[in-house]
Amino acid sequence: MPSVRSIFLSDIHLGTRACQADRLLDFLREYSAENVFLIGDIVDFWAMNRSIHWTPAQNTFVQKILRRARHGERIVFIPGNHDEALREYAGVAFGDILVVEELVHELADGRRFLLLHGDEFDQITRHHRWVAVLGDMAYNTLVLFNGGLSRIRRKLGRPGYWSLAGYAKRRVKKALQFIFDFEAAAIHSARQRGLDGIICGHIHSAALREVGGLTYVNCGDWVDSCTAIVEHGDGRLELLSWGAATQTQSLPARQRDFPADTVPAPGALPGLAAVPATASREEAECVS
Ligand SMILES: [Mn+2]
Numbered sequence: 002m003p004s005v006r007s008i009f010l011s012d013i014h015l016g017t018r019a020c021q022a023d024r025l026l027d028f029l030r031e032y033s034a035e036n037v038f039l040i041g042d043i044v045d046f047w048a049m050n051r052s053i054h055w056t057p058a059q060n061t062f063v064q065k066i067l068r069r070a071r072h073g074e075r076i077v078f079i080p081g082n083h084d085e086a087l088r089e090y091a092g093v094a095f096g097d098i099l100v101v102e103e104l105v106h107e108l109a110d111g112r113r114f115l116l117l118h119g120d121e122f123d124q125i126t127r128h129h130r131w132v133a134v135l136g137d138m139a140y141n142t143l144v145l146f147n148g149g150l151s152r153i154r155r156k157l158g159r160p161g162y163w164s165l166a167g168y169a170k171r172r173v174k175k176a177l178q179f180i181f182d183f184e185a186a187a188i189h190s191a192r193q194r195g196l197d198g199i200i201c202g203h204i205h206s207a208a209l210r211e212v213g214g215l216t217y218v219n220c221g222d223w224v225d226s227c228t229a230i231v232e233h234g235d236g237r238l239e240l241l242s243w244g245a246a247t248q249t250q251s252l253p254a255r256q257r258d259f260p261a262d263t264v265p266a267p268g269a270l271p272g273l274a275a276v277p278a279t280a281s282r283e284e285a286e287c288v289s
């Protein structure tokens, strides 16, 4: 098992049908680490208020994390907005797992990064909670619909994995502006504290890029894109994509990186596969 210095995960959303715990387990089997940082929305208590979907794979994930903690990996749990109840326990260690609101992590090369979930940079979650809850329900529906779509694609023998939620997120200009504002606020926060960068989650949009001399890193999620950030022994950060089509594929961040105002052509990114936008309509019709 290759060993990395740190693994950064966010937005796993345990307790929901959309949570891709199988792929997450698959990813974790490949990497041991000195540090595992769980950066928010690990357990989705919002969704669990509506209905609980707890699978054996999700259980196994929890057990694996506890096991890693017992075997000396340092596990830090940073609550997000979907598991905000745990924020009350900031500073408390549950066995081997430490819960903190945020953390400054020093990379092997000396760079210092702020680790936090990031919902405070999201003006909607911060000031209009009910909009966030509604948006969350709509997003989950979209992700579920996409799951059905993938099954149909597989049955039809179409290669690759086409992400509807990812597609919708990329297409909606407002969403792009939202992501841009979020990133700007996150970078600003790291700069104010004199740090070299920030590693966060929350917006389900993985990133690893330089912005004005600082490094903006987002872990992405495990409901749609299945992405993680790892820190190698020399302090180098890498964004790994664990999508359905290529389970062992790892991409250096730059290849997945694109400015917020450009939309990559279908097929330009491995996770998007080569399906024109219209294909979704044909397939959607197959559903009914
Ligand atoms: Mn969140």
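Residue numbers (our numbering): 2 to 289. The beta-carbon is built from N, C-alpha and C at its ideal position, and this holds for glycine as well.
Residue i versus the options, residue with shortest Cα-Cα distance
{"i": "F122", "options": "L10, N141, A186", "result": "A186"}
{"i": "T1", "options": "G195, L209, V93", "result": "No statement about residue 1 is possible, as the shown extent of the chain runs from 2 to 289 and does not include it."}
{"i": "G221", "options": "P3, G16, L25", "result": "L25"}
{"i": "G213", "options": "S226, G202, H189", "result": "H189"}
{"i": "G96", "options": "L67, L87, R113, E103", "result": "L67"}
{"i": "I180", "options": "S206, I199, R192, I153", "result": "S206"}
{"i": "F78", "options": "D225, G236, C201", "result": "C201"}
{"i": "F9", "options": "G234, V218, D110", "result": "V218"}
{"i": "R51", "options": "D137, H118, V93", "result": "D137"}
{"i": "V231", "options": "G16, L15, L29", "result": "L29"}
{"i": "F38", "options": "E239, V100, D110", "result": "V100"}
{"i": "G111", "options": "M2, S4, D197", "result": "D197"}
{"i": "F183", "options": "R237, R194, D120, G234", "result": "D120"}
{"i": "H72", "options": "S33, I53, K175, V144", "result": "S33"}
{"i": "G236", "options": "G148, R113, A139", "result": "R113"}
{"i": "E102", "options": "L108, R88, A109, A94", "result": "R88"}
Supposed close pair residue i, residue j - CB separation, criterion 8 Å
{"i": "I13", "j": "W243", "result": "Actually they do not touch by this definition, with Cβ atoms about 12 Å apart."}
{"i": "E35", "j": "S7", "result": "7 Å"}
{"i": "I1", "j": "L116", "result": "Residue 1 lies beyond the range of the chain shown here (2 to 289); nothing can be said about it."}
{"i": "I199", "j": "A191", "result": "4 Å"}
{"i": "D225", "j": "V144", "result": "5 Å"}
Three-way DSSP call (helix, strand, coil) for residue i in this model
{"i": "S4", "result": "strand"}
{"i": "G148", "result": "helix"}
{"i": "L177", "result": "helix"}
{"i": "T17", "result": "coil"}
{"i": "L209", "result": "strand"}
{"i": "V101", "result": "coil"}
{"i": "T61", "result": "helix"}
{"i": "S190", "result": "helix"}
{"i": "Y140", "result": "helix"}
{"i": "A229", "result": "strand"}
{"i": "I43", "result": "coil"}
{"i": "D12", "result": "coil"}
{"i": "R88", "result": "helix"}
{"i": "L116", "result": "strand"}
{"i": "R75", "result": "strand"}
{"i": "A48", "result": "helix"}
{"i": "A94", "result": "strand"}
{"i": "A34", "result": "strand"}
(message) Strictly closer than 6 Å from CB to any heavy atom of ligand 1: give me those residues in the order they appear in the chain.
(response) G41, D42, G81, N82, H83, H118, D120, H203
(request) Specify whether the region 36 to 51 and the region 77 to 88 touch according to this definition: at least 3 beta carbon pairs, one from each stretch, less than 8 Å apart. (result) yes
(message) Tell me whether the region 13 to 27 and the region 51 to 64 touch, counting them as touching only if at least three CB pairs, one residue from each stretch, are closer than 8 Å.
(response) yes
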